[in-house]
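Here the structure comes first, spelled out in structure tokens, and everything after it is commentary.
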Amino acid sequence: MTVLNIGFSQPFALSLEHVEGSKGCVVRQAHHERPRSAALALALVLMILPPFAFAHGGEDHGDEAKAPVSLPASGPRLELKSPDVELSGVLQDGKLTVYADRYASNEPVLNAKIEIESNGRKLQLLALKDGSYTAAADWLKQPGRYALEVSIQADDLADLLVGALEIPALQAEAHGRTWLDYAKWAAGGGAAAILLAVLFKFLRRRKGVAASALLPLFAAFLLGGHSNPGFAHGDEDHGDKPKAAPAAAAASNVPVAAQASPVRLPDGSIFAPKPVQRLLGIRTVLGESRDIALTVELNGQISADPNFSGRVQSSQSGRIAAPGGGFPAIGMKVSKGQILAYIEPAASSIEKGNQQAQLAELASNLGLAEQRAERLEQLVGSLPQKEIDAARAEAASLKARKAAVAGSLFQREALRTPVSGVISKAGVVAGQVVEAREVLFEIVDPARLWVEAVAYDTALSGQVAGASAMTAGNQPLALAFIGLSHQLREQALPMQFAVKPPSPPLSVGQPVKVFVQNRQTTRGIPVPQGSVMKNSGGETIVWLHASAERFVPHRVKAQRVDGQTFAILEGLHDGDRVVTQGAALLSQIR
Numbered sequence: 001m002t003v004l005n006i007g008f009s010q011p012f013a014l015s016l017e018h019v020e021g022s023k024g025c026v027v028r029q030a031h032h033e034r035p036r037s038a039a040l041a042l043a044l045v046l047m048i049l050p051p052f053a054f055a056h057g058g059e060d061h062g063d064e065a066k067a068p069v070s071l072p073a074s075g076p077r078l079e080l081k082s083p084d085v086e087l088s089g090v091l092q093d094g095k096l097t098v099y100a101d102r103y104a105s106n107e108p109v110l111n112a113k114i115e116i117e118s119n120g121r122k123l124q125l126l127a128l129k130d131g132s133y134t135a136a137a138d139w140l141k142q143p144g145r146y147a148l149e150v151s152i153q154a155d156d157l158a159d160l161l162v163g164a165l166e167i168p169a170l171q172a173e174a175h176g177r178t179w180l181d182y183a184k185w186a187a188g189g190g191a192a193a194i195l196l197a198v199l200f201k202f203l204r205r206r207k208g209v210a211a212s213a214l215l216p217l218f219a220a221f222l223l224g225g226h227s228n229p230g231f232a233h234g235d236e237d238h239g240d241k242p243k244a245a246p247a248a249a250a251a252s253n254v255p256v257a258a259q260a261s262p263v264r265l266p267d268g269s270i271f272a273p274k275p276v277q278r279l280l281g282i283r284t285v286l287g288e289s290r291d292i293a294l295t296v297e298l299n300g301q302i303s304a305d306p307n308f309s310g311r312v313q314s315s316q317s318g319r320i321a322a323p324g325g326g327f328p329a330i331g332m333k334v335s336k337g338q339i340l341a342y343i344e345p346a347a348s349s350i351e352k353g354n355q356q357a358q359l360a361e362l363a364s365n366l367g368l369a370e371q372r373a374e375r376l377e378q379l380v381g382s383l384p385q386k387e388i389d390a391a392r393a394e395a396a397s398l399k400a401r402k403a404a405v406a407g408s409l410f411q412r413e414a415l416r417t418p419v420s421g422v423i424s425k426a427g428v429v430a431g432q433v434v435e436a437r438e439v440l441f442e443i444v445d446p447a448r449l450w451v452e453a454v455a456y457d458t459a460l461s462g463q464v465a466g467a468s469a470m471t472a473g474n475q476p477l478a479l480a481f482i483g484l485s486h487q488l489r490e491q492a493l494p495m496q497f498a499v500k501p502p503s504p505p506l507s508v509g510q511p512v513k514v515f516v517q518n519r520q521t522t523r524g525i526p527v528p529q530g531s532v533m534k535n536s537g538g539e540t541i542v543w544l545h546a547s548a549e550r551f552v553p554h555r556v557k558a559q560r561v562d563g564q565t566f567a568i569l570e571g572l573h574d575g576d577r578v579v580t581q582g583a584a585l586l587s588q589i590r
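This is how it looks when you write it as structure tokens:
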């Protein structure tokens with residue numbers, strides 16, 4: 001007898017007994033019905049008990065494109081505008097939050113009285129500390145389209161805005177599997193069980209090993225075609241393609257205007273909610289075409305006004321001595337006539353000996369002259385008066401000469417400031433020996449400075465209509481044209497301008513950019529320098545306020561007019577709202 005063991009949970013044996021003299025073999029089941037019963041039970045278990053697939057997160061498992069990243073919605077939006085006011089709001093859970101701004105400048109309208117009327121119902125909005133206005137009403141929770149009339153009153157503003165608010169119907173939320181789903185599964189499992197039972201009955205009537213082995217194979221076939229539930233998960237990526245940007249939410253079911261944070265949209269524009277705009281200090285101006293003077297950019301530097309600056313120089317060689325309060329330091333304020341230092345004259349031994357000999361001779365002659373004048377005064381009436389007066393004059397002259405010679409030997413010279421101002425240069429120490437005409441101190445008045453520029457175009461002569469300047473730190477300077485030289489200096493014409501107060505702190509010799517306006521004009525829209533930006537491609541752009549919470553970059557052709565203004569020659573139209581403050585912050589939003 002040969003025994004074949006077929007592996008199941010309950011093994012059974014088939015006996016193949018060769019009978020002598022017969023033409024075949026008899027197959028006997030060793031354990032009666034157990035093999036077929038075990039096969040049936042196994043098939044039922046494999047068919048009814050579905051394997052579960054558990055998903056997990058944090059890995060990539062495919063090459064499929066990823067779904068757009070949706071941002072949280074905050075409810076239906078309201079946007080109304082007039083030539084004076086722009087009103088935007090969001091509705092959430094029956095609570096309406098409104099922001100009011102001036103249309104031209106985007107400045108918040110604070111402490112206003114705002115009232116909404118719709119189909120005879122009135123709603124008074126309450127002003128909050130953050131500058132917004134809010135109100136709640138039950139009818140704002142009902143889906144539908146509501147015609148609105150919004151009145152707003154402030155100190156210098158009164159306006160009426162008309163529009164509509166669309167409240168969409170609530171969509172049914174997606175839930176898990178219901179009892180109907182499980183009923184379908186049960187019905188399918190029952191049908192498969194009946195089919196398996198019929199097949200089993202059919203196989204019982206068949207004789208042979210192949211018929212008995214066919215039952216578990218059929219169960220495995222049912223298992224392979226069986227649809228099993230799997231537990232999915234969310235917020236993970238399973239592909240190798242680049243992730244979609246948050247701005248892709250514009251293409252999702254969530255409206256872009258309903259997002260809660262600033263994002264860059266696929267077309268390059270920026271969505272910025274009103275709270276973010278106020279945090280960034282976004283301000284705008286209405287574009288208006290006008291005739292603008294053409295400008296020429298020149299290189300210049302700060303110089304001192306010669307009428308309010310001065311130098312202190314030594315008139316002779318000598319040794320420096322400090323005054324009573326010490327030497328003045330750089331940046332110290334001084335007044336006209338103030339003593340800055342002393343110079344003790346320096347002389348050689350021979351010069352000092354000659355001066356001392358001359359002083360001795362003058363002293364001797366002075367003594368004789370004084371004695372002679374005293375004797376003649378005793379003879380008054382005996383001698384002519386003119387002889388007595390001549391003796392007195394000679395004595396007085398010798399006395400003055402002696403004092404002058406003595407002063408030249410021992411008297412020091414005081415160095416005084418010629419103007420009031422601030423010490424800009426001081427390079428002396430006690431005991432320093434200086435030569436004649438050496439510059440010891442320089443005084444400037446920081447409120448009275450000039451700008452000297454060089455022009456290589458002689459056509460500017462007589463064409464200067466105005467000027468301004470810009471420091472290296474982008475600080476603007478207002479200039480007043482003084483004059484243009486008619487003599488070339490290093491193939492250029494020097495030009496001088498006076499800096500108009502008020503001015504930022506400046507230093508003599510500081511380089512600046514000078515913008516000279518000539519009498520020729522061009523047509524353009526003036527905007528502040530903070531409006532003009534450069535994009536990643538190096539193109540000149542400005543940000544336009546397209547709607548209440550949307551900003552669009554726009555390529556333009558710009559030319560600087562002065563230190564504070566650009567002229568937009570191409571790319572803008574009258575009435576466009578150009579961002580003047582916060583444009584650089586908008587460019588950083590990704």
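With the numbering used here, letter number 267 in the sequence shown gets 267, and the count goes up by one each step, no holes.
Heads up, the beta-carbon is just placed ideally off N, CA and C, and yes, glycines get one too.
- Annotation: the continuous beta strand (DSSP E) that includes Gln517 extends over Pro511 to Pro528.
- The straight-line gap separating the alpha-carbon atoms of Leu376 and Ala395 is approximately 12 Å.
- The Cβ atoms of Ser461 and Lys336 do not sit closer than 8 Å to each other.
- Leu484 carries a strand assignment under DSSP once its states are collapsed to helix, strand and coil.
- Spanning the alpha carbons of Ala127 and Glu166 requires a straight line of approximately 24 Å.
- Collapsing the DSSP output to three states places Ala369 in a helix.
- For Glu117, the CB contacts under 6 Å within the same chain, skipping 5 residues up- and downstream, are Glu149 in chain order.
- Assigned with DSSP and collapsed to three states, Arg290 falls in strand.
- For Lys113, the enclosing beta strand (DSSP E) stretches over residues Lys113 to Ser118.
- With respect to Val98, Asn299 sits apart: the two C-beta atoms are not nearer than 8 Å.
- C-alpha of Ala498 to C-alpha of Ala363: approximately 58 Å in a straight line.
- Its Cα nearest to that of Glu570, the residue Gly287 stands out among Ala584, Gly287 and Phe308.
- Thr295 counts as buried, since no fewer than 16 other beta carbons sit within 10 angstroms of its beta carbon.
- Between the C-alpha atoms of Ala147 and Val542 there is a straight-line separation of about 36 Å.
- Residue state for Gln338 is assigned as coil, using DSSP reduced to three classes.
- Using a Cβ distance threshold of 8 Å, Ile343 and Arg412 count as a contacting pair.
- Rounded to the nearest angstrom, the Cβ distance from Ala321 to Ala430 is 6 Å, consistent with a contact under 8 Å.
- Burial state of Ala341 is buried, judged by a 10 Å Cβ sphere holding 16 or more other Cβ atoms.
- When secondary structure is reduced to three states using DSSP, Glu438 falls in the coil class, being assigned neither helix nor strand.
- Membership of Ser587 in the alpha helix (DSSP H) is indicated by the continuous run Ala583 to Ser587.
- In terms of Cβ geometry, Gly310 and Ile443 form a close pair [threshold 8 Å].
- Between the alpha carbons of Leu157 and Met332 lies a gap of roughly 52 Å.
- In this structure the region 545–559 does not lie against the region 314–330, because fewer than three pairs of beta carbons, one per stretch, are closer than 8 Å.
- Nearest to Val334 by alpha-carbon distance, out of Pro446, Leu195 and Ala391, is Pro446.
- Residue environment analysis places Val198 among the exposed positions, since fewer than 16 neighbouring C-beta atoms fall within 10 angstroms of its C-beta.
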